Structure formats: structure tokens, C-alpha cells
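Read the structure below first, then the notes.
In this note's numbering, the protein residues as written are 144 to 484.
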């Protein structure tokens, strides 16, 4: 990737000497909304100044606020992982990486500092190696059950479980991805089938209301899949949605469906069933299965949409673009399978 496609402060942070600790072999990972720098024993995450409608990081003040939200919310599941707020300042010596308490120079960016987890223990890497076990899935389940039991609820949160509220999240995906239909990744018949299924299911207002009445709408994680789970000496479930409450205030079934969809995507349906049976036994959430296929379809489509966004971001390199398009194509196929069951 040409250096001039990156912000100057990111180019600076690619140098090991930019850090106050050992940071040989700094690695940059990009998503459609973040720059993530792997530097020695730490990870630094900076938000891109983008506005996708469902998130808005276009001002420095907003990026600081959402960095603070990211720290607060992720400490629910990973209190020792999220270390604090950092800032990039400009002084006579150039760019400076500082803790948020320091005051040297003009602050031009904020970020989050995290402890670095062992990459070989990332759930996605364990799955690629064919080493995900039932015991690991059980441990994830046993971490999530008390998290959902303790997660905040209340009138403000419960209103996000209505069919009308859920429809905002679901239907905006079709609006945001419609420009890509027929461009080689999302075929028109796929788009029509998935949208029709979603709209039909959303007519079941009584079903959505029953989930509210059962107390199943909570302040959840919002982005629960293998890319955000590390199976190390303990279970780390990190990188929850901080930028928009309506993606995090949701039915527990929607959160769980994301993880189960991810296992389906990787051909691990049997482990998904194991997780589901254990989760249902622990929670006695007998209404969850009725929502599962709908939310799996929704989650698969979201991942496809994000792949399209990543592929069309001007700053990503060609290899990243092609990988994102391939993943998007596969996610849309899976969404169609859920929609046509």
C-alpha cells in the first residue's frame, strides 16, 4: 500500500520508534471503520473519520467520545484487556503517542490502547486450523450466559425489540447495499429473496412483542463472532458495538444468532448446535429458536454488506479488496440459504 494513502499519524505509528515500548515489526490491520496497529505487546485502535449513517466518526470530539464508550462497554467482558485512552499530539518533535492525561502539543487524534492477545489463540485462527473443540464452545457459552443475565435492560432498551425498531436495522441494509446489486457479488435474485423473507418475517409483531415480554431485550455485545473472540487462558469476547445503541440494544437471540451464523459459515454446524443446546438449557429461553433463522439471515447479510464497504474503501489495497469481495459473496449465499429455508 502506498504510504501516501494513509493519514500521516498512521504512517508515523508504523515506525517502531514511535512507541514508548518495544514494538518491532509493527503491523497495520484495516477495517472499513478503523486502523488497528499491532505493536509489541499492545494494540492501538484509531477510528477512521467516516460517516456511514449508522455511525459517524467525522469529528475529533466524536472519535474521542466513542473511544471512551469502547473502553467502558468492552470492560464488561474484558476488564483487563482495555487499558485506556491514548492520543496523538503534534509538537516540535513531530507526532507523539501519549496517554490521554498528558498535555504536550496539539491533540489531533484519539485511540484505544489494548493488551495484545496471542494470535494463535484467536478463535478465527483456531477454526482455520481445525482445532475448535466442544469444550471451547462450552466455555464461550458459559461466559455469555451470566453476561446476558447481568446486561442492562429497562424501558429504553426494550423498545429496540419491537418489530418496527428491528425493521430499521434490517431494512437499512438493503438500502445501503442496493447500489452493489448485480455487480458480481450480490445477484438480483439473491437480493430479492433475502429482502422478501426479511419483510415477511417482520410482520410477526406479536412474536417480537413476546420477546420483549420475556425480558430478552438487553444491552448486548452486538458484534459476537469469531473475529472478536480469543480462547486464551480465559475467554476474551471483545470489540462490542460502541458507535450505535440500536445495534447493541437487541434481542439476545440476535447476538447468539451472529455466533451461530459464524459457525455455519465455517462449516461447524454441529458445534453451533452444541452451543445452542447448552445455552437454551442454561437460560431456559424457549422462545429463542423461533427467532434464530431470521437473525442468522440478518447477520449474514450485514457481514456481506461490510465486505462490500471494505472492498470499496479507497485506502485498502488490492489484496484486501479481493478478499473482502470474496467474503461478501459467500455471506450473501449463506443469507439466501437462510431466507429460502
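Ideal Cβ positions, reconstructed from N, Cα and C, are used throughout, including at glycine.
Note that the structure is a prediction, hence the values are computed from the model and not measured.
- Three or more beta-carbon pairs drawn from the segment 436-444 and the segment 400-420 are found closer than 8 angstroms, and the two stretches are therefore classed as touching.
- Contact between residue 358 and residue 296 holds: their C-beta atoms lie close to 6 angstroms from each other, under 8 angstroms.
- Less than 8 angstroms divides the Cβ of residue 303 from the Cβ of residue 393.
- Approximately 4 angstroms separates the beta-carbon atoms of residue 200 and residue 190; this is inside 8 angstroms, confirming the contact.
- Bounds of the beta strand (DSSP E) holding residue 372 are 372-374.
- Just measuring C-alpha positions, the residue of 177, 185, 450, 150 sitting nearest residue 159 is 185.
- Residue 153 sits buried, since 16 or more C-beta atoms from the chains shown fall within 10 Å of its C-beta.
- A distance below 8 angstroms separates the beta carbons of residue 257 and residue 226.
- In summary, residue 341 is buried, with 16 or more beta-carbon neighbours lying within 10 Å of its beta-carbon over all protein chains present.
- The C-beta distance from residue 254 to residue 188 rounds to 6 angstroms, short enough to fall under 8 angstroms.
- Between residue 398 and residue 367, the C-beta spacing is below 8 angstroms.
- For residue 416, the closest C-alpha among the options 244, 346, 276 is that of 276.
- When rounded, the separation of the alpha-carbon atoms in residue 243 and residue 171 is 22 angstroms.
- When secondary structure is reduced to three states using DSSP, residue 288 falls in the helix class.
- Between residue 345 and residue 433, the beta carbon gap of about 14 angstroms keeps them out of contact (Cβ cut-off 8 angstroms).
- Under the three-state reduction of DSSP output, residue 182 falls in the strand class.
- Comparing alpha-carbon positions, the option among 369, 420, 395 lying closest to residue 409 turns out to be 369.
- Residue 414 holds the alpha-carbon nearest to the alpha-carbon of residue 283 among 239, 414, 459.
- Per DSSP, residue 265 lies in no alpha helix (DSSP H) and is assigned neither H nor E.
- Beta-bridge pairing by DSSP links residue 189 to 178, 254.
- For residue 214, the enclosing alpha helix (DSSP H) covers residues 203-217.
- Below 8 angstroms, enough C-beta pairs join the segment 372-391 and the segment 206-222 to call them touching: three or more.
- Our two residues, residue 177 and residue 210, have alpha carbons roughly 11 angstroms apart in a direct line.
- Residue 339 and residue 247 have their alpha carbons spaced roughly 56 angstroms apart.
- For residue 230, the enclosing beta strand (DSSP E) starts and ends at 225-234.
- The alpha-carbon of residue 157 is positioned some 38 angstroms away from that of residue 439.
- Judged by DSSP secondary structure, residue 170 falls outside any alpha helix (DSSP H) and instead within the beta strand (DSSP E) spanning 170-173.
- DSSP, read as helix, strand or coil, puts residue 369 in helix.
- Rounded to whole angstroms, the gap between the alpha carbons of residue 464 and residue 457 is 10 angstroms.
- Beta-carbon to beta-carbon, residue 269 and residue 431 are separated by about 26 angstroms, too far to satisfy the 8 angstroms threshold.
- CA-CA distance, residue 165 to residue 181, rounds to 11 angstroms.
- Closest by C-alpha distance to residue 391, out of 400, 235, 361, is 361.
- The criterion of a C-beta distance shorter than 8 angstroms is satisfied by residue 306 and residue 348.
- Each of 317, 183, 267 was checked against the Cα of residue 411, and the nearest Cα belongs to 267.
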